[in-house]
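Asker:
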Amino acid sequence: CTPSISTGNPGLSVKDVNQLIMEFLMFMMRAIVLCYPVYLTGSLGLSISWILLSMLMWTMWKNNRRWKDQRIDTAIDFLENEKDVISTELKAMNMPAWIHFADVEKAAWINKILQQAWPFFGMYMEKLLIENIQPSVRSSSPHLKTFTFTKVHMGQKAPTITGVRVYTHELETREVILDLNITYEADVDIDADVKPAIKVGVKGLQLQGMLRVILEPLIGQAPLVGGVTMFFIRRPALQVNWTGMTNLLDGPGLSHLSESAIVDIIASLMVLPNRMCFPLIDQVKVDQMKFPLPRGVVRVHVLEARDLVAKDTYMMGLVKGKSDPYTVLRVGNKQFKTKTIKETLNPRWNEVYEFVIHEAPGQELEVKLYDEDTDADDFLGSCSPSSVFEFQWFTLEDIETGQIHMKLQWFSLHTNPALLQEVSLYFLHYNSVDDLDTVLDEHEKKSSLGKLTLPLVRLLNVSDMTMDQRFLLERSGANSQIKMKAVLRVSEDLFSCSERGSDTYVRMYLLPDQTWKHRKRTSVKKKTVNPVFNETFEFAVSMEEARTRKLDVAVKNNKMLHKRERKEIGMVLIDMSEMDLIKGFTEWYELTLPGLKKTN
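Remember, my numbering sits 65 above the position in the sequence shown when you count from 1.
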């Protein structure tokens with residue numbers, strides 16, 4: 066263990082201090098080397114022009130050398146990674162998707178249809194906003210009774226579909242899937258009056274995303290398609306130009322918040338797992354379209370990262386520090402965030418997350434790393450794994466250096482009920498807020514079929530602490546169930562504080578009195594983890610006052626001379642206002658360690 070030095074930062078090790086000293090000395094050496102020519106020129110009586118000329122020649126030589134090195138590195142990189150370099154350049158130029166991918170086709174004819182129909186769509190939106198949205202806004206709050214749309218113009222620019230991909234493989238024969246890459250640079254102009262002196266509006270927005278359209282089921286009669294489902298596979302990118310009072314939302318901090326709020330609204334409507342469904346025949350039900358069976362589950366193991374970029378600096382940027390990295394995982398509208406590891410460039414998380422995959426192919430795992438700061442978190446890189454793999458290092462993109470170590474597992478659905486005939490035995494430390502999480506796995510491929518979360522408190526309230534019934538599965542179909550028998554058996558044993566057992570006694574306070582004279586204590590039961598006391602104590606308070614107090618009960622080990630033994634076994638706080646003090650009560654209580662809070 067590296068000893069710590071009592072400095073301004075109590076966690077600063079000797080190694081870190083030595084590194085800071087060396088960097089400071091190197092800084093001073095560079096300053097001396099740069100200032101010495103100035104001193105020498107002055108001592109020799111030379112003109113300042115010589116210094117300026119020397120600096121100019123040095124800068125020109127350095128830039129020329131850097132330019133040559135970049136040309137050589139670029140040529141070598143192009144020869145070694147020709148395909149990746151071309152793809153990166155096309156992506157940076159914002160070229161259409163059909164240039165990037167061979168299986169994406171141009172959609173010029175669709176764009177012509179949209180452009181021709183766009184004025185009529187603008188008429189529809191104007192009628193919708195004035196006749197439907199405006200009354201809803203007025204009735205939502207007394208302060209918005211005068212809300213009025215004064216101008217609604219959807220502009221002349223229609224959304225552009227930059228590419229269409231049609232999936233024909235690995236699909237059922239009764240469905241058609243299309244992915245539409247949509248870019249919408251709108252010249253919309255919408256104004257509204259909240260009150261006579263308060264005007265708000267939007268003048269221009271940009272939206273970019275991938276819209277999936279599913280035509281299913283295909284039928285042998287008109288209209289040939291039973292229903293249409295639309296949704297964004299990933300959250301679309303959005304930029305909004307506000308006018309009027311809402312122009313304040315274009316500020317540096319508020320702009321991101323306002324756009325994120327709008328994207329959240331869009332995500333709640335039509336970003337997976339949310340869908341917009343339009344049944345075309347009576348036999349197709351909306352709930353069946355909105356809640357289809359998922360394709361499977363991806364389990365992501367986020368292990369560690371290495372060689373991350375140091376974003377924290379000291380001494381006005383002269384001394385580089387480290388970073389406080391964390392990872393954000395996103396699939397569709399579902400997002401997870403790992404814990405933050407302080408002051409390291411090689412963090413270890415060892416965390417596991419699961420995502421329900423509703424559309425495969427299509428949905429992608431987005432992994433982004435950030436440095437946590439008090440103001441704005443700094444970007445540390447990203448990657449998008451495209452396939453299931455065992456443990457693998459991924460190089461982070463859009464950053465100078467850094468790698469992340471992950472593992473991805475795919476769990477498919479299974480229809481064989483014989484594989485579910487399993488009996489599992491769990492040894493649990495009971496907590497009243499604990500749940501029994503059960504994931505149904507495929508026998509051979511270890512694929513997840515669904516998840517069941519069963520609160521343990523439900524087993525305590527049934528006969529013989531046994532439940533034999535059907536349970537609804539989470540992360541599965543709307544009607545998916547599992548037939549299971551759950552049995553709970555309880556052990557009241559205390560844990561042993563030493564090899565010879567525990568010398569147990571109980572200490573009590575009727576809060577808020579915690580003085581020595583108000584302390585109650587039982588006798589010591591030696592070398593046992595099942596102590597029986599059968600002792601009675603009295604507190605001199607009235608019944609009304611007792612109902613306002615709490616009883617602090619602590620179970621302790623009488624460690625005597627054995628200083629290495631644990632003294633605290635556990636404690637419980639009993640709220641007397643919740644108890645029937647007239648009839649009395651006898652209950653079992655869970656013991657928790659002092660200072661340990663229950664998690665909700």
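No residue lacks a Cβ here, since even glycine has one placed at the ideal position from N, Cα and C.
(1) Is it right to say H423 is buried, meaning 16 or more other beta carbons lie within 10 angstroms of its own, or is it exposed?
(2) So what's T651 in DSSP terms, helix, strand or just coil?
(3) Taking 8 angstroms as the threshold (C-beta atoms), are E170 and G228 in contact?
(4) Are M295 and V253 closer than 8 angstroms when you measure CB to CB?
(5) Which of helix, strand or coil does DSSP assign to H423?
(6) So for A257, helix, strand or coil by DSSP?
(7) Pick out whichever of R299, K582 and R572 has its Cα sitting closest to the Cα of S588.
(8) Give the DSSP-derived three-state secondary structure of S642 in the structure shown.
(9) For L575, is the classification buried or exposed, using 16 other Cβ atoms within 10 angstroms of its Cβ as the cut-off for buried?
(10) Is there contact between the stretch 258 to 269 and the stretch 333 to 340, where contact requires at least three CB pairs shorter than 8 angstroms?
(11) For the candidate residues P338, W307, F602 and R239, whose alpha-carbon lies nearest to that of L289?
(12) Under the assumption that L337 contacts G397 (Cβ atoms under 8 angstroms), give the Cβ distance between them as a whole number of angstroms.
(13) Measuring only between beta-carbons, confirm whether D436 sits less than 8 angstroms from chain B.
(14) Can you tell me the Cβ-Cβ gap for V202 and L193, rounded? I've got them flagged as a contact below 8 angstroms.
(15) If distances are taken between C-alpha atoms only, which option among L245, L109, N128 and L303 comes closest to I175?
(16) Going by the beta-carbon positions, is the gap between E465 and V374 smaller than 8 angstroms?
(17) Could you tell me the boundaries of the beta strand (DSSP E) in which A370 lies?
(18) Is the stretch 298 to 312 touching the stretch 262 to 282 in the sense that three or more CB pairs, one from each, lie closer than 8 angstroms?
(19) Kindly indicate the opening and closing residues of the alpha helix (DSSP H) around F89.
(20) Counting pairs of beta carbons, one from the stretch 337 to 354 and one from the stretch 444 to 452, are three or more of them closer than 8 angstroms?
(21) Kindly provide the ranges of any beta strand (DSSP E) runs that are 3 or more residues long and lie completely inside the stretch 252 to 296, ordered along the chain.
(22) Measuring CA to CA, which of L434, R136, W183 and L358 is closest to T460?
(23) Which term fits Y391, buried or exposed, when burial requires 16 or more other beta carbons within 10 angstroms of its beta carbon?
(24) Does DSSP put T248 in a helix, a strand or coil?
(25) Distance check for W475 and P359, CA to CA, integer angstroms please.
(26) In three-state terms, what does DSSP make of M608?
(27) Are the Cβ atoms of L473 and V637 separated by less than 8 angstroms?
(28) Among E88, I86 and M120, which one has its Cα closest to the Cα of P102?
(29) In this structure, does DSSP put R130 in helix, strand or coil?
(30) Using 8 angstroms as the threshold, is the C-beta distance between V417 and I469 below it?
(31) Give every residue of the same chain whose Cβ lies closer than 6 angstroms to the Cβ of S489, excluding the five residues on either side of it in the sequence, and list them in chain order.
(32) Which residue from D372, V367, R413 and T403 puts its Cα closest to that of P450?
(33) Can you give the Cα-Cα distance for V555 and E652, rounded to whole angstroms?
(34) Please state whether DSSP places N197 in a helix, a strand or coil.
(35) When every heavy atom of the ligand ATP is checked, does at least one fall within less than 7 angstroms of the C-beta of K592?
Answerer: Taking the coordinates as given:
(1) Along the sequence shown, one-based indexing puts residue 423 at 358. Buried: at least 16 other Cβ atoms inside 10 Å.
(2) Position 586 of the sequence shown, counted from the first residue, corresponds to residue 651. DSSP places T651 in coil when its eight states are reduced to three.
(3) Start at 1 with the first residue of the sequence shown, and residue 228 comes out as number 163. Start at 1 with the first residue of the sequence shown, and residue 170 comes out as number 105. In this structure, G228 places its C-beta atom within 8 angstroms of the C-beta atom of E170.
(4) Mapped onto the sequence shown, residue 295 falls at position 230. Mapped onto the sequence shown, residue 253 falls at position 188. In this structure, the beta-carbon distance from M295 to V253 does not fall below 8 angstroms.
(5) Here the question's residue 423 lines up with position 358 in the sequence shown. Note: H423 maps to coil in three-state DSSP.
(6) Within the sequence shown, the letter at position 192 stands for residue 257. In the three-state scheme derived from DSSP, where H, G and I count as helix and E and B as strand, A257 is classed as strand.
(7) In the sequence shown, residue 588 corresponds to position 523, counting from 1. Comparing Cα positions, the closest option is R572.
(8) As a working mapping, residue 642 is identified with position 577 in the sequence shown. When DSSP states are grouped into helix, strand and coil, S642 belongs to the helix group.
(9) Here residue 575 corresponds to residue number 510 of the sequence shown, with the count starting at 1. Buried is the call here.
(10) Taking a cut-off of 8 angstroms for Cβ pairs, the stretch 258 to 269 and the stretch 333 to 340 do not touch, as fewer than three such pairs fall below it.
(11) Taking the sequence shown and counting its residues from 1, the one referred to as residue 289 is at position 224. Per the Cα distances, R239.
(12) Counting from one through the sequence shown, the residue named residue 337 turns up at place 272. Counting from one through the sequence shown, the residue named residue 397 turns up at place 332. Going by Cβ atoms, the distance from L337 to G397 rounds to 4 angstroms, so yes, they are a contact pair.
(13) Chain labels in this structure do not include chain B; a single protein chain is all it has.
(14) Along the sequence shown, read from residue 1 onward, the residue named residue 202 stands at position 137. Along the sequence shown, read from residue 1 onward, the residue named residue 193 stands at position 128. Contact between V202 and L193 is absent: CB atoms are separated by about 13 angstroms, not below the 8 angstroms threshold.
(15) In the sequence shown, the residue the question calls residue 175 occupies position 110. If we check each option's Cα against that of I175, L245 comes out closest.
(16) The residue given as residue 465 occupies position 400 in the sequence shown. The residue given as residue 374 occupies position 309 in the sequence shown. Going by C-beta atoms, E465 is nearer than 8 angstroms to V374.
(17) Position 305 of the sequence shown, counting from 1, holds the residue named residue 370. First-last of the beta strand (DSSP E) with A370: G361 to R371.
(18) When Cβ pairs closer than 8 angstroms are counted between the two stretches, the stretch 262 to 282 is seen to touch the stretch 298 to 312, the count reaching three or more.
(19) Residue 89 sits at position 24 when you count from the first residue of the sequence shown. For F89, the enclosing alpha helix (DSSP H) stretches over residues V79 to L109.
(20) No, the stretch 337 to 354 is not in contact with the stretch 444 to 452.
(21) Runs found: 263 to 280.
(22) In the sequence shown, the residue the question calls residue 460 occupies position 395. That would be L434, whose Cα lies nearest to the Cα of T460.
(23) Residue mapping note: residue 391 aligns to position 326 of the sequence shown, counting from 1. Flag for Y391 reads buried.
(24) As a first step, residue 248 is located in the sequence shown; it is residue number 183 there, counting from the start. Here T248 sits in strand by DSSP.
(25) Translated into the one-based positions of the sequence shown, residue 359 becomes position 294. Translated into the one-based positions of the sequence shown, residue 475 becomes position 410. Between P359 and W475, the C-alpha separation is close to 12 angstroms.
(26) The residue given as residue 608 occupies position 543 in the sequence shown. It is helical.
(27) As a working mapping, residue 473 is identified with position 408 in the sequence shown. As a working mapping, residue 637 is identified with position 572 in the sequence shown. It is not a contact, given that the beta carbons lie outside the stated cut-off.
(28) Locating residue 102 in the sequence shown gives position 37, where the first residue counts as 1. For P102, the nearest C-alpha among the options comes from M120.
(29) Reading the sequence shown from its first residue, position 65 is the one you call residue 130. Residue state, collapsed to three classes: helix.
(30) The residue labelled residue 417 in the question sits at position 352 within the sequence shown. The residue labelled residue 469 in the question sits at position 404 within the sequence shown. Going by beta carbons, V417 and I469 fall outside the 8 angstroms limit.
(31) In the sequence shown, the residue the question calls residue 489 occupies position 424. Since pLDDT at S489 reaches only 46, below the 50 mark, its modelled position is unreliable, and the value read off the structure follows with that caveat. The answer is none, since no qualifying residue turns up.
(32) Numbered from 1 along the sequence shown, position 385 holds the residue referred to as residue 450. Among D372, V367, R413 and T403, the Cα nearest to that of P450 is on V367.
(33) To locate residue 555, count along the sequence shown from 1; it is residue 490. To locate residue 652, count along the sequence shown from 1; it is residue 587. Note on V555: pLDDT 46, under 50, position unreliable in the model; no value is reported.
(34) Position 132 of the sequence shown, counted from the start, is the residue given in the question as residue 197. In this structure, N197 counts as helix in the three-state DSSP scheme.
(35) Looking at this structure, you won't find the ligand ATP or any other ligand, since it has none at all.
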